[in-house]
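Trainee:
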Amino acid sequence: MKKLLPFLFPLTSLAIVMFLAFRWYSNRTDRGNITPFAENIALEELTSEETTLALSGVGDFETIEMEGEGEDTGKVRYEVNEGKVKFSVTANLENSQDENYQVWLKDPNSEAIRRAFTLEYIKGGMSGTAAIS
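For the sequence shown, the residue numbers in the working numbering are 43 to 175.
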């Protein structure tokens, strides 16, 4: 028993580390398997005129304020017209010029998500627009 005792602690530690590494890897790879939704719904980019109208607030747009962490703020503006939902996302984010931000749509009844667009930096912050038909 005295010959095996020095190996007991390192083997136990190695087993715990291997278990935690396996669990971390399993959780990490499961995140990529979220099922997409709305495969039959088309996401369209807005024309430059429609984008200007959406960002300036001209038209019958509803506004929803977004909650952020720290100083980050933003809003979503949307309009339902001719069977399309036109929406824009505007956000004031710290370090926004150095990073890429994407807008994803999520099904409220499940974990299914779909990528909508990438926010672009303009002088008022980060913004992007799209239409769902």
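No residue lacks a Cβ here, since even glycine has one placed at the ideal position from N, Cα and C. Note that the coordinates shown come from a computational prediction; the quantities given were computed from them, not determined experimentally.
Look up residue 58 in the DSSP assignment and give the residues it is bridged to.
Mentor: As a working mapping, residue 58 is identified with position 16 in the sequence shown. None, per the DSSP bridge assignment.
Trainee: Among all the DSSP beta bridges, which residues are the ones paired with residue 121?
Mentor: Mapped onto the sequence shown, residue 121 falls at position 79. For residue 121, which the question treats as bridged, DSSP gives the partners 128.
Trainee: At which residues does the beta strand (DSSP E) containing residue 148 begin and terminate?
Mentor: Mapped onto the sequence shown, residue 148 falls at position 106. Residue 148 -> beta strand (DSSP E) spans 144-148.
Trainee: Going by DSSP, what residues sit across from residue 164 in a beta bridge?
Mentor: On the sequence shown, position 122 is the one that residue 164 refers to. Beta-bridge pairing links residue 164 to 167.
Trainee: Give me whichever residues DSSP pairs with residue 86 in a beta bridge.
Mentor: Walking along the sequence shown from the start, residue 86 turns up at place 44. Answer is 173.
Trainee: Taking the DSSP output, what are the residues bridged to residue 108?
Mentor: Taking the sequence shown and counting its residues from 1, the one referred to as residue 108 is at position 66. In the DSSP output, where bridge partners are listed per residue, residue 108 has 116.
Trainee: Quick check: the Cα distance between residue 68 and residue 123, rounded to an integer number of angstroms?
Mentor: By one-based count along the sequence shown, residue 68 stands at place 26. By one-based count along the sequence shown, residue 123 stands at place 81. Between residue 68 and residue 123, the C-alpha separation is close to 44 Å.
Trainee: Would you say residue 106 and residue 174 are within 8 Å of each other, going by their C-beta atoms?
Mentor: Taking the sequence shown and counting its residues from 1, one reaches residue 106 at position 64. Taking the sequence shown and counting its residues from 1, one reaches residue 174 at position 132. Cβ atoms of residue 106 and residue 174: not closer than 8 Å.
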